[in-house]
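Residue numbers (numbering that gives the first Met the number 0): 0 to 340.
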Amino acid sequence: MKKILVTGGTGFIGSHTTVELQQKGYEVVIVDNLSNSSEDVIDNITKITGIKPTFGKVDVADKQQLFDFLKKNQGIQSIIHFAASKAVGESVQVPLKYYRNNINGLINILEAMKEFNIPNLVFSSSCTVYGQPEKLPVTEQSPIQEALSPYGNTKQINEEIIRDFVKVNPELHAIALRYFNPVGAHPSSLIGELPLGVPANLVPYITQTAAGIRECLSVFGNDYDTPDGTPIRDYIDIIDLADAHIAAVQRMENNKQKKQLEFFNIGTGNGLSVLQLINAFEKATGVKLNYKIVGRREGDIEKIWADTKFANEELGWKAVAPIEQTMLNAWNWQKHVSGIK
Ligand code: UD1
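If you want it as structure tokens, here you go:
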């Protein structure tokens, strides 16, 4: 059985990826510092798959902790590195926290690959590296733009750190997945997104409003240059996103890579506006959402969606979940968390 390390494995994307990996026969070892998640997630993963992943409460930004853990857990062939701070707004307020966590974390992971002979890395990157692209959809060759936040900057810097490191370590391979907007939850309603406090992202805000936790969703602007005036994003189902990681790991395991470091856009290829997403939610769930149009949110881009040709052809991966199903899963998860029947 192939052994894989998932950092940040109790988080939103990490937990869903762990489930998919286990269901495909991988032995998963999780490290997480639980700064934005809880150990209960391990029990819920176990309930879904019937297999308890190995878990270590480890901060990957602390090299000693990481290395001590890996000394006791040898035989890992690949790492999927999710562990990072991810709140865009917070990153503007406390930039050093973001540079310290996200960059030290990656450096420690790369050093661990050398030290423990782990050849393959999947890195969580983001479409944020493209800023507001001039041409849509965005391909992997679209220009990288100056980051709008320290969070976004850590993604760009980390891509460069990986590039420089693999160049001088020919035995190492890496794939950076540039995610578009991950949404949804596991169909079992046992795992999903659990934002701390008031959600900054759209879908948790929608489901919390529908659950009565928030009074009203603010739609940030309807004066953009889009068909209905609200911004457009590429919302990717969390299970589809999880599966992209497995395709990336298999590509490296099977020596199918054309370059030591490759980049893939992970989205659906379809852009949806905020109002279209709200409609999809209402249609899927039968719940009427209380929302109002307010002013633009600073730093928001107008529109972005992925060209997924490269991922479709080279990774052999394609997003398949219909958006209504994704929104229904997100709602069922919210109902589970909120105790709504
Ligand atoms: C942001 C980050 C992205 C990060 C993602 C998930 C940028 C440019 N993008 O994406 O890197 O990976 O968060 O953490 O930094 N909206 C509302 N009302 C709300 C919340 C959102 O109308 O209460 C709208 C926004 O204006 C936007 C869309 O919903 O048009 C999606 O917003 P959000 O879920 O926050 O994701 P992004 O800003 O696209």
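A virtual CB, placed ideally from N, CA and C, is assigned to each residue, including glycine.
Among the options, nearest to residue i - alpha-carbon criterion
i	options	result
TYR234	LEU216, ARG213, GLY268 and GLY315	GLY268
ILE161	ALA320, LYS258 and ASN331	LYS258
TRP316	ILE265, SER337 and LYS287	ILE265
GLU294	LEU147, TYR223 and SER37	Contrary to the premise, residue 294 reads as Gly rather than Glu in this sequence. It is TYR223 whose Cα lies nearest to the Cα of GLY294.
ARG250	ASN180, VAL121, ASN72 and THR45	VAL121
LYS46	ALA60, HIS15 and ASP58	HIS15
ASN254	ILE303, GLU214 and GLU313	GLU313
ALA83	GLY24, GLU145 and GLY10	GLY10
PRO194	LYS23, GLN21 and SER36	SER36
ASN116	SER124, GLN73 and GLY104	GLN73
GLN207	ASN289, ILE50 and GLN144	ASN289
GLY7	LYS23, GLN22 and VAL27	VAL27
Extent of the continuous alpha helix (DSSP H) to which residue i belongs
i	result
VAL40	39-48
HIS244	237-252
HIS335	322-337
VAL218	Not the alpha helix (DSSP H): VAL218 falls in the beta strand (DSSP E), residues 216-219.
PRO94	94-97
8 Å contact criterion, which residue i and residue j should meet: CB distance rounded
i	j	result
ALA210	GLN333	5 Å
VAL137	ALA246	With a Cβ gap of about 20 Å, VAL137 and ALA246 do not count as contacting.
LEU271	ILE322	7 Å
LEU4	ILE75	5 Å
PHE54	ILE29	5 Å
ILE12	ILE237	7 Å
Terminal residues of the beta strand (DSSP E) in which residue i lies
i	result
ILE29	26-31
ALA122	For the record, residue 122 in the displayed sequence is Phe; it is not Ala. From DSSP, the beta strand (DSSP E) with PHE122 extends over 119-125.
THR6	2-6
LYS302	No beta strand (DSSP E) contains LYS302, which DSSP labels as neither H nor E.
GLY211	GLY211 -> no beta strand (DSSP E), and no H or E assigned at all.
LYS291	290-293
Counting pairs of beta carbons, one from the stretch 277-284 and one from the stretch 237-248, are three or more of them closer than 8 Å?
no
Contact between the stretch 88-97 and the stretch 163-172 (3+ Cβ pairs under 8 Å):
no
Any heavy atom of the ligand UD1 nearer than 6 Å to the CB - residues listed
LYS85, VAL87, SER125, THR127, LEU147, SER148, GLY151, ASN180, ALA199, ASN200, LEU201, TYR204, LEU216, SER217, VAL218, PHE219, PRO230, ARG232, VAL273, ARG296, ASP299 and ILE300
Any chance the stretch 37-44 sits against the stretch 61-70, with 3 or more Cβ pairs inside 8 Å?
no
Taking one C-beta from the stretch 109-126 and one from the stretch 205-225 each time, how about it: are there three or more such pairs within less than 8 Å?
no
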